[in-house]
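> My questions will all concern the structure given below.
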Amino acid sequence: PPHNLTEVVSALVYMLDNWKDLDDISVGDLMRFIQGPDFPTGGLISRHRGQDDETDVIASAYATGRGRVVMRARAHIEQMERNKSRIIITEIPYQVNKTNLMGRIADLHRDGRLEGLTDLRDESDRRGLRIIIETTRTVDAEDVLADLFRLTPLQSTFSISLLALVNNEPRVMTLKQALRFYLEHRLEVIRRRSEYDLDRARQRAHILEGLLTALDHLDEVIALIRKSRSADTAKSNLMDRFKLTEVQAQAILDMQLRRLAALERKKIQEEHKEKLALIKELEKLLARPELMRQQIKKELVAINEKFGDKRRTQIVDSMEGGVLTSAGLLPDEQGWIMIGEKGTVCRTTGMTLPSMARKPAEQPAVLLQAGTRDILYLFSAGGRAVGLPVHRIPEGDDIGKGTSWANLTPLGRDDLLVAALALPADGEREGYLFLTTLAGVVKRVRLEDLPGVTADPFTVINVAEDDALGWARLTTGEEEVILATSGGQAIRFTEEAVRPMGLPASGVLGIKLDGETDGLVGMEIVRPDSFVFSITDNGLAKATPIEEYPVQNRYGQGVINLRLPKGASEVVAMTLLSRGVTLIVTTSGGVIKKLGLSDTIIGTRSVRPQSALSLAAKSRVTGLVVPEDRPPKATDTAGRSKKGGKSKNK
């Protein structure tokens, strides 16, 4: 069946990026990108045969190469005057003919198998398909729609057969095999194309070398040609005198007189230089398979940018249970939530985070991954939170053009967003929410205590007037936590040192601060093999292995995290960084900088930080944002660090 180009390209790019581990990639890994068939007519397809059947028919088809999916038209019911209703169909299953469909509905009504219809008309135009079915007051429109699905092609099945010719033999393949054969075919195409281009470039460079030789000895060449009795004699004389090949000598004889001009000579020299560079590039490409894979990736991305579009067919869990609700019609798509420092928010679909300009219209404050069926919890500095359905967030790939989060939630514009996390709307919630304020107050809340989508904000932590909430993280209940202060200290302790509390509680102190000016600049859940990345306001940074920080009791002074050299006023942010992860540094000048472990010094706690980025005059580092790829069932991230006052709660 047809598939979405953007999803297929994403899966192919994933395989290219993990080529060395290709054998370890599973169908489940690929289905993170390819959700299922995507038909040009839209509609819906079912992932399961029934509500009680847990078999994923799409995954099964991709794993075996054969299967069937149930397709259904997209329809909704509108209420009319005098308690009448009408069914509006806007998308029909793939390969279903609209005229034949309407004829089938009319025949069923005439034969008495479909009752309660008063009108059937086609209002389709250039904007799209629209079939109207009006019903009487004596029937339930949902029952009529259920009968339409049962008796007409509005619900159909489509067979999946991943059949293709492999070495001139028909073969049924799994999804992974099909994609792999395609990539291997593309590698062969790149190789043969490059060999052809290389041969052509070498031939042309050879001719250009002969022309340049002739131009360097122009007077002698002209005299030699004039003395020759015939073209063959001239060719032979040129070959003998200047050690040219027959091809080069013939090219000199074929050269037009206008090529003798100085400008034309320069063009020949430039073309020769370009051909030599092309030859070097093609030889390098053919000698290194990884460069060939990069070329395939580049071409795939270019095709996707030109022709890629959004998914048209939505995938639902089951077609049973009559008419699906609006929630059931939601596509189960993963994407990125991007929230800016000014409070604008937008949502993208796909696993790839959109690129950001060096100086964006609005700097990022929160970047997290979430699914369309998740609930996004937003946390304010005042300790309040609100639950928002992810699918209600407008789509876009530019934070500066997003919608103000105050327009999407009951929180006011004066509420400063400090953290966000996403949780699935359905199912049991196991684990905890770990909260930390700028004054070092920590609190642990059971996830099951969080309400769902809320009309009004709710309190997650009661913060003091001179304090503010700074971070929110998801934990399993057996994690370790690390806190860092602006004065260069850090403490690591187990989350079990903080007993679970109710939503309105204030929490307990997690670290002793050094005076009124000291405050927290970061809180993270400890991950093995990670590095504690700290940065000062003037761009000095250092990464220290997490093993350098011993586990201590809660509410101690901790250990030295960053030795502040003279001239560095304070640490402004701390986060945990793993190899291969890139974080975003925000600045007061509006310029963002991307850094990884390779861009900063790695050392023990006693090693002094070094400059990690250059700042403009009067510009200062304001925070860190880590756009980590987190599990879709438990996604969280925090906003940038901001120093606050000291709390007296303990």
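Numbering-wise (the numbering used here), the sequence shown opens with residue 3 and increments by one. Virtual Cβ for every residue (Gly too), placed ideally from N, Cα, C. Given the structure is predicted, the values throughout are model-derived calculations rather than measurements.
1. What's the C-alpha gap between V392 and V318?
2. Rounded to a whole number of angstroms, what is the C-alpha to C-alpha distance between A507 and E450?
3. Secondary structure at K22, three-state DSSP: helix, strand or coil?
4. At the level of alpha carbons, what is the spacing between K312 and V191?
5. When the Cα atoms are used, what is the spatial distance from A424 to A372?
6. Inspect the CB distances between the region 208-224 and the region 69-81 and report whether three or more fall short of 8 Å.
7. So the beta strand (DSSP E) K596 belongs to, where does it begin and stop?
8. CB F41 to CB T315, shorter than 8 Å?
9. In the DSSP output, what is F183 paired with across the bridge?
10. Are the Cβ atoms of V465 and T405 separated by less than 8 Å?
11. Return yes when the Cβ of V623 is within less than 8 Å of the Cβ of V593, no when it is not.
12. DSSP three-state call for L14: helix, strand or coil?
13. Would you call the region 78-85 and the region 129-147 in contact, with 3 or more CB pairs under 8 Å?
14. Identify the continuous alpha helix (DSSP H) that holds K620 and give its terminal residues.
15. Helix, strand or coil: how does DSSP classify G130 here?
16. Assuming M175 is part of the alpha helix (DSSP H), what are its boundary residues?
17. So L566 and T589 are in contact, right, with Cβ under 8 Å, and what is the actual spacing, rounded?
18. Can you look up I317 in the DSSP assignment and give me helix, strand or coil?
19. Can you tell me whether G330 is helix, strand or coil according to DSSP?
20. Rounded to the nearest angstrom, what separates R139 and G118 at their Cα positions?
21. Can you give me the Cβ contacts of R448 inside the same chain, cut-off strictly under 7 Å, excluding the 5 residues immediately before and after it?
22. To the nearest angstrom, how far is the alpha carbon of G521 from that of I603?
23. Figure out for me which residue from E572, T411, E222, K282 has the closest Cα to the Cα of D199.
24. How many Å lie between L287 and G442 at the Cα?
25. Touching or not, the region 11-30 and the region 179-197, by the rule of three or more beta carbon pairs under 8 Å?
26. Relative to the alpha-carbon of L564, which residue among R610, N555, R581, G454 has its alpha-carbon at the smallest distance?
27. If you reduce the DSSP assignment to three classes, tell me which class V141 lands in.
28. Could you give the distance in angstroms between the alpha-carbon of S488 and the alpha-carbon of E56?
29. In the DSSP assignment, what are the bridge partners of K544?
30. Taking its Cβ as the centre, do 16 or more other Cβ atoms sit within 10 Å of P291, making it buried, or is it exposed?
31. Put E248 into one of helix, strand or coil per three-state DSSP.
32. When the Cα of G454 is compared with those of S532, W473, V174, P426, which residue comes out closest?
33. Taking L116 as the reference, give the member of N170, D516, I135 with the closest Cα.
The structure says:
1. Taking the first residue of the sequence shown as 1, we reach residue 392 at position 390. Taking the first residue of the sequence shown as 1, we reach residue 318 at position 316. C-alpha separation (whole angstroms): 17 Å.
2. For the purposes of this step, residue 507 is identified with residue 505 of the sequence shown, where counting begins at 1. For the purposes of this step, residue 450 is identified with residue 448 of the sequence shown, where counting begins at 1. Answer to the nearest angstrom: the Cα atoms are 16 Å apart.
3. The count along the sequence shown starts at 1 and reaches residue 22 at position 20. Note: K22 maps to helix in three-state DSSP.
4. Position 310 of the sequence shown holds residue 312. Position 189 of the sequence shown holds residue 191. Their backbone Cα atoms lie some 28 Å apart in a straight line.
5. Here residue 424 is taken as the residue at index 422 of the sequence shown, counted from 1. Here residue 372 is taken as the residue at index 370 of the sequence shown, counted from 1. When rounded, the distance between both Cα atoms is 6 Å.
6. no
7. Reading the sequence shown from its first residue, position 594 is the one you call residue 596. Here the beta strand (DSSP E) through K596 covers 595-597.
8. Position 39 of the sequence shown, counted from the first residue, corresponds to residue 41. Position 313 of the sequence shown, counted from the first residue, corresponds to residue 315. Result yes, Cβ atoms of F41 and T315 sit closer than 8 Å.
9. Against the sequence shown, residue 183 aligns to sequence position 181. Answer by DSSP bridge pairing: none, since F183 is not bridged.
10. Taking the first residue of the sequence shown as 1, we reach residue 465 at position 463. Taking the first residue of the sequence shown as 1, we reach residue 405 at position 403. No; because the gap between Cβ atoms is not below 8 Å, this pair is not in contact.
11. For the purposes of this step, residue 593 is identified with residue 591 of the sequence shown, where counting begins at 1. For the purposes of this step, residue 623 is identified with residue 621 of the sequence shown, where counting begins at 1. Cβ distance not < 8 Å, so V593 and V623 don't count as in contact.
12. What you label residue 14 is simply residue 12 of the sequence shown in a count that begins at 1. Correct three-state label for L14: helix.
13. yes
14. As a first step, residue 620 is located in the sequence shown; it is residue number 618 there, counting from the start. Here K620 belongs to no alpha helix (DSSP H), and DSSP marks it neither H nor E.
15. Within the sequence shown, the letter at position 128 stands for residue 130. Three-state result, G130: strand.
16. Here residue 175 refers to the residue found at position 173 of the sequence shown. No alpha helix (DSSP H) contains M175, which DSSP labels as neither H nor E.
17. Looking up residue 566 in the sequence shown gives position 564. Looking up residue 589 in the sequence shown gives position 587. The pair is not a contact, with the Cβ atoms about 19 Å apart (cut-off 8 Å).
18. Taking the sequence shown and counting its residues from 1, one reaches residue 317 at position 315. DSSP places I317 in strand when its eight states are reduced to three.
19. The sequence position of residue 330 within the sequence shown is 328, counting from 1. Summary for G330: the model assigns pLDDT 49, below 50, so the residue's position carries little reliability; its value from the coordinates is reported in the next sentence. Correct three-state label for G330: coil.
20. If you number the sequence shown from 1, residue 139 lands on position 137. If you number the sequence shown from 1, residue 118 lands on position 116. One C-alpha to the other measures close to 8 Å.
21. On the sequence shown, position 446 is the one that residue 448 refers to. Cβ neighbours of R448 beyond the five flanking positions: Y434, P502.
22. Locating residue 521 in the sequence shown gives position 519, counting from the first residue. Locating residue 603 in the sequence shown gives position 601, counting from the first residue. So the two alpha carbons sit approximately 25 Å from each other.
23. Counted from its first residue, the sequence shown places residue 199 at position 197. When each option's Cα is compared against that of D199, the closest is K282.
24. Reading the sequence shown from its first residue, position 285 is the one you call residue 287. Reading the sequence shown from its first residue, position 440 is the one you call residue 442. Cα to Cα, the separation comes out at about 55 Å.
25. yes
26. To locate residue 564, count along the sequence shown from 1; it is residue 562. If we check each option's Cα against that of L564, R610 comes out closest.
27. Looking up residue 141 in the sequence shown gives position 139. V141: coil per DSSP, three-state reduction.
28. Mapped onto the sequence shown, residue 488 falls at position 486. Mapped onto the sequence shown, residue 56 falls at position 54. So the two alpha carbons sit approximately 51 Å from each other.
29. Your numbering for residue 544 matches position 542 in the sequence shown. DSSP lists S536 as partners of K544.
30. Locating residue 291 in the sequence shown gives position 289, counting from the first residue. With fewer than 16 Cβ atoms within 10 Å of its Cβ, P291 is classed as exposed.
31. Indexing the sequence shown from 1 puts residue 248 at position 246. E248 falls in the helix class under three-state DSSP.
32. If you number the sequence shown from 1, residue 454 lands on position 452. The shortest Cα separation from G454 among S532, W473, V174, P426 belongs to P426.
33. Along the sequence shown, one-based indexing puts residue 116 at 114. Per the Cα distances, I135.
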